[in-house]
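Residues in the sequence shown are numbered consecutively from 3, following my numbering.
Some notes on the structure that comes next.
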Amino acid sequence: IIDWYIFLSQKEDGITAAAEELGLPADCEWLGYPIVDWKEDLKTHAAQLSIKAKQKEIEALDNRVNKLVSPDQRREMELKALQEILKD
3 IIDWYIFLSQ KEDGITAAAE ELGLPADCEW LGYPIVDWKE DLKTHAAQLS IKAKQKEIEA
63 LDNRVNKLVS PDQRREMELK ALQEILKD
(Lines of atoms letter the chains of each structure in order from A; the text may use other names.)
(Lines give C-alpha, C1' and ligand atoms only; values in the text may rest on other atoms or scores of the structure.)
Protein backbone atom coordinates (compact mmCIF):
# COMPACT_ATOMS: atom_id res chain seq x y z
CA ILE A 3 0.00 0.00 0.00
CA ILE A 4 2.78 2.39 0.91
CA ASP A 5 4.62 1.79 -2.37
CA TRP A 6 1.45 2.44 -4.38
CA TYR A 7 0.76 5.60 -2.39
CA ILE A 8 4.31 6.83 -3.02
CA PHE A 9 3.97 6.04 -6.73
CA LEU A 10 0.69 7.96 -6.99
CA SER A 11 2.03 10.93 -5.01
CA GLN A 12 5.10 11.16 -7.23
CA LYS A 13 2.98 10.86 -10.36
CA GLU A 14 0.63 13.58 -9.11
CA ASP A 15 3.54 15.88 -8.23
CA GLY A 16 5.15 15.25 -11.62
CA ILE A 17 1.96 15.95 -13.56
CA THR A 18 1.30 19.12 -11.55
CA ALA A 19 4.86 20.42 -12.03
CA ALA A 20 4.90 19.61 -15.75
CA ALA A 21 1.50 21.19 -16.33
CA GLU A 22 2.57 24.32 -14.46
CA GLU A 23 5.77 24.65 -16.50
CA LEU A 24 3.86 24.11 -19.73
CA GLY A 25 1.07 26.47 -18.75
CA LEU A 26 -1.52 23.73 -19.08
CA PRO A 27 -4.18 22.51 -16.69
CA ALA A 28 -3.07 19.58 -14.57
CA ASP A 29 -5.08 16.45 -15.33
CA CYS A 30 -3.95 14.26 -12.46
CA GLU A 31 -5.38 10.92 -13.54
CA TRP A 32 -4.05 7.40 -13.69
CA LEU A 33 -5.77 4.65 -15.64
CA GLY A 34 -8.72 6.97 -16.24
CA TYR A 35 -9.42 7.84 -12.60
CA PRO A 36 -8.35 10.88 -10.57
CA ILE A 37 -5.22 10.22 -8.53
CA VAL A 38 -6.98 11.76 -5.53
CA ASP A 39 -9.56 8.95 -5.73
CA TRP A 40 -6.83 6.29 -5.93
CA LYS A 41 -5.12 7.75 -2.86
CA GLU A 42 -8.40 7.85 -0.91
CA ASP A 43 -9.01 4.20 -1.82
CA LEU A 44 -5.57 3.30 -0.50
CA LYS A 45 -6.25 5.19 2.75
CA THR A 46 -9.53 3.30 3.12
CA HIS A 47 -7.81 -0.02 2.49
CA ALA A 48 -5.11 0.81 5.06
CA ALA A 49 -7.80 1.66 7.62
CA GLN A 50 -9.57 -1.65 6.89
CA LEU A 51 -6.33 -3.56 7.43
CA SER A 52 -5.82 -1.75 10.73
CA ILE A 53 -9.35 -2.62 11.84
CA LYS A 54 -8.84 -6.29 10.93
CA ALA A 55 -5.62 -6.39 12.94
CA LYS A 56 -7.36 -4.83 15.95
CA GLN A 57 -10.24 -7.30 15.63
CA LYS A 58 -7.79 -10.21 15.71
CA GLU A 59 -6.13 -8.72 18.77
CA ILE A 60 -9.49 -8.33 20.51
CA GLU A 61 -10.45 -11.91 19.63
CA ALA A 62 -7.19 -13.18 21.10
CA LEU A 63 -7.74 -11.19 24.29
CA ASP A 64 -11.35 -12.38 24.48
CA ASN A 65 -10.17 -15.99 24.17
CA ARG A 66 -7.69 -15.43 26.99
CA VAL A 67 -10.41 -13.93 29.18
CA ASN A 68 -12.74 -16.84 28.39
CA LYS A 69 -10.07 -19.26 29.60
CA LEU A 70 -9.75 -17.37 32.88
CA VAL A 71 -13.41 -16.66 33.59
CA SER A 72 -16.08 -19.26 34.31
CA PRO A 73 -19.32 -19.20 32.28
CA ASP A 74 -21.22 -17.94 35.35
CA GLN A 75 -18.73 -15.12 35.88
CA ARG A 76 -18.95 -14.28 32.18
CA ARG A 77 -22.76 -14.07 32.34
CA GLU A 78 -22.52 -11.83 35.38
CA MET A 79 -20.05 -9.54 33.61
CA GLU A 80 -22.31 -9.36 30.54
CA LEU A 81 -25.34 -8.58 32.69
CA LYS A 82 -23.48 -5.74 34.43
CA ALA A 83 -22.34 -4.37 31.06
CA LEU A 84 -25.91 -4.44 29.74
CA GLN A 85 -27.19 -2.71 32.87
CA GLU A 86 -24.62 0.05 32.39
CA ILE A 87 -25.71 0.51 28.79
CA LEU A 88 -29.37 0.71 29.80
CA LYS A 89 -28.60 3.34 32.46
CA ASP A 90 -27.36 5.74 29.79
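Virtual Cβ for every residue (Gly too), placed ideally from N, Cα, C.
One or two residues paired with residue i in a DSSP bridge
i: K36; result: Sequence check: residue 36 is Pro here, not Lys. Partner(s): E31.
Classification of residue i by the beta-carbon crowding that lies within 10 angstroms, buried from 16 upward
i: E42; result: exposed
Cβ shell of residue i (< 6 Å), same chain only, five flanking positions each side left out
i: A28; result: I17, T18 and A21
Distance, residue j Cα to residue i Cα
i: W40; j: R66; result: 39 Å
i: E2; j: E80; result: Since the first and last residues shown for the chain are 3 and 90, residue 2 lies out of range.
i: D15; j: Y35; result: 16 Å
i: Q2; j: D74; result: A query on residue 2 cannot be resolved here, the shown segment of the chain reaching from 3 to 90 and no further.
i: E61; j: A55; result: 10 Å
i: L33; j: K13; result: 12 Å
i: E23; j: A49; result: 36 Å
Residue i beta carbon near the ligand FAD (any heavy atom closer than 6 Å)
i: K89; result: Looking for the ligand FAD in the displayed structure turns up nothing, as the structure carries no ligands at all.
Beta-carbon spacing of residue i, residue j below 7 Å
i: G37; j: L10; result: Residue 37 is actually Ile in this sequence, not Gly. Going by C-beta atoms, I37 is nearer than 7 Å to L10.
i: L44; j: I3; result: yes
Beta-carbon contacts of residue i that lie in its chain and below 8 Å, excluding the five residues immediately before and after
i: E31; result: I37
i: L51; result: I3
i: H47; result: I3
7 Å Cβ shell around residue i - same chain, five flanking residues per side excluded
i: L84; result: none
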